[in-house]
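All remarks here apply to the structure that follows.
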Amino acid sequence: MDKRTKIVLFSIAAVVLLIILIAVTPEIVRYVDENRAVAIVNGEKITKKEFAINYRSQINYYGLDKAFLSQKVGDKTYEQQIKENVLDGLIIRQIELQQARKRNITLSSAEKKAIDQQIEQYKSDSQSGAEFKQYLQTIGATENEYKDQVIKSQIVSKLYDEVTKNQKASDAEIESYYNSHKSDFVEVKASHILFKVNDSKEEAAKKKKAEEILQMIKVGQNFEKLAQKYSEDETTKQKGGDMGYLRKNIIIQYYGNEFGNAVFSLGIGEISNIVQTNDGFHIIKVTDRKQLLLSDVKDEIKSTIESQKKDEYYQSLLEKWKKEAKIKKFEDVLKSVSI
1 MDKRTKIVLF SIAAVVLLII LIAVTPEIVR YVDENRAVAI VNGEKITKKE
51 FAINYRSQIN YYGLDKAFLS QKVGDKTYEQ QIKENVLDGL IIRQIELQQA
101 RKRNITLSSA EKKAIDQQIE QYKSDSQSGA EFKQYLQTIG ATENEYKDQV
151 IKSQIVSKLY DEVTKNQKAS DAEIESYYNS HKSDFVEVKA SHILFKVNDS
201 KEEAAKKKKA EEILQMIKVG QNFEKLAQKY SEDETTKQKG GDMGYLRKNI
251 IIQYYGNEFG NAVFSLGIGE ISNIVQTNDG FHIIKVTDRK QLLLSDVKDE
301 IKSTIESQKK DEYYQSLLEK WKKEAKIKKF EDVLKSVSI
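Numbering (UniProt numbering), first residue to last: 1 to 339.
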């Protein structure tokens, strides 16, 4: 090969190499940038990419925009505060994952397969599949990166279960809780007549109708028969408005505070005034009241106490682990993340 040919071939190779470098350089720059550390926890890096995924996920969940994020809360913007909260959460999670590894806590192949199946189920449905794809684009994550976040969350859940498994409620604690929370374990049997409000335009008319029926009850007409005739609660009207026995927390969950407070302020046989809820206007009658026995609610109390004890114990462990951890944050990298 003569000198001139070598020069030509070298020139061609140089041009090809230059084209390749121009093509891949943005990818290399992005890869290096995304893998910068926003924090180092006991020698392990939390990358900018992982932080960005979790930060954008929070922003997406609450539907926040740049205008909101730029507003001040105290001496910081919402953006700064949310970023700090997300980073603190990731630092705690990194500590938890380290503790899980010390205990050889991982996901089984069956658990990982279940995650894969859930993702495939999302993707197979035309609507949820499109929403899932859009969600990944919004938070800047690949499918594998999303899966990695799910795996980490499940490992942390298994760590919680493992380290708190011995937090049990004794019979004495259960009895003490019952005695100090007896009012929580009362069931009231109530009936109601509902005048449903579907549109604000009909509110005045429905309230007037409720007042008319209330007056009929006050002069002695039968509550149950009036409920059968006038109530717009299709579930209870044929039973004279009978809702059965209900605990206050259940009533509040389904009907709201106003309804729950009204029910539990009435004595047996008493009728309420007009009570307004999101459903409309109600007239309520209490027909019975009973105190649940300890034996009726023992399992519920046991679960409540143990859940509280586990949370408190786990929180104490987190505080200990965090205090022992070596943590370094990189504020400049944190600031460079945007939505």
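From the three backbone atoms N, C-alpha and C, an ideal C-beta is built for every residue, glycine too. Quick caveat: nothing in here was measured; it's all calculated off a predicted structure.
Secondary structure at residue i, three-state DSSP: helix, strand or coil?
i	result
A190	strand
residue 355	Because the chain in this structure spans residues 1 to 339, residue 355 falls outside the shown range and cannot be described.
L246	strand
V219	coil
K320	helix
E44	strand
F195	strand
K326	coil
T236	coil
T77	strand
V337	coil
Please list, in chain order, all residues of the same chain as residue i whose beta carbon is under 8 Å from its beta carbon, the five residues on each side excluded.
i	result
I274	K207, A210, E211, L214, F281, H282, I283
E270	K285, V286
I268	V286, T287, D288, R289
Y245	E187, V188, K189, D288, K290
K147	I115, D116, I119
Cα separation between residue i and residue j?
i	j	result
residue 357	K237	This structure leaves residue 357 out entirely; the chain is present only between 1 and 339.
Q276	F259	8 Å
A190	Q134	47 Å
Y178	K152	38 Å
E145	R36	16 Å
I250	V297	15 Å
F185	Q137	48 Å
I339	E111	32 Å
V219	S180	41 Å
S109	S170	36 Å
N42	Q149	20 Å
Q71	F132	30 Å
M243	S265	17 Å
S307	Q253	21 Å
Q118	Q315	30 Å
E203	N222	25 Å
Q98	A130	35 Å
K322	E300	33 Å
K48	G63	22 Å
Q121	K201	43 Å
A100	S57	24 Å
N60	K182	42 Å
V73	K335	17 Å
E234	D199	18 Å
T142	I12	37 Å
E324	E96	13 Å
K326	E84	17 Å
E50	L318	21 Å
D332	I82	16 Å
N261	D311	30 Å
Y160	S272	47 Å
L292	Q127	46 Å
A172	N257	32 Å
Report the CB separation of residue i from residue j in whole angstroms; it is logged as a contact under 8 Å.
i	j	result
A39	I46	5 Å
K320	Q167	The Cβ separation is near 16 Å, so there is no contact.
K196	D279	6 Å
K66	I105	The Cβ separation is near 39 Å, so there is no contact.
V337	Y55	6 Å
L87	K329	7 Å
L107	I155	6 Å
I92	I305	In fact, because the Cβ distance is near 25 Å, the residues do not count as touching under 8 Å.
E34	Q94	In fact, because the Cβ distance is near 17 Å, the residues do not count as touching under 8 Å.
Near residue i, what residues of its chain come up, given a Cβ to Cβ distance below 6 Å and the 5 sequence neighbours on each side ignored?
i	result
S231	I193, L194, K237, G241
L69	Y78, E79
K313	Looking at the sequence shown, residue 313 is not Lys but Tyr. Counting only Cβ-Cβ distances below 6 Å, and skipping sequence neighbours, we find T164, Q167.
E224	G240
K248	G260, F264
Is the Cβ of residue i closer than 8 Å to any Cβ of chain C?
i	result
Q99	The structure shown has no chain C; it contains just one protein chain.
Apart from the five residues on each side of it in sequence, which residues of its chain come closer than 7 Å, Cβ to Cβ, to residue i?
i	result
A227	S191, I193, K237, G240, G241
Y255	T277
E162	R103, I105
L294	E175, Y178
M216	L226
K123	G129, F132
I139	I53, R56, S57, N60
Exercise for the section: Mind listing, in chain order, the continuous alpha helix (DSSP H) runs of no fewer than 4 residues lying wholly within the segment 139-185? Expected result: You should have 143-163, 171-180.
Exercise for the section: Report the residue ranges of all beta strand (DSSP E) runs contained in full by the segment 251-299; include only those spanning at least 3 residues, in chain order. Expected result: DSSP runs (the beta strand (DSSP E)) wholly in the segment 251-299: 280-291.
Practice task
Could you pull out every unbroken alpha helix (DSSP H) segment of at least 4 residues lying fully inside the segment 47-74, listed in chain order?
Solution key: DSSP runs (the alpha helix (DSSP H)) wholly in the segment 47-74: 48-62, 66-69.
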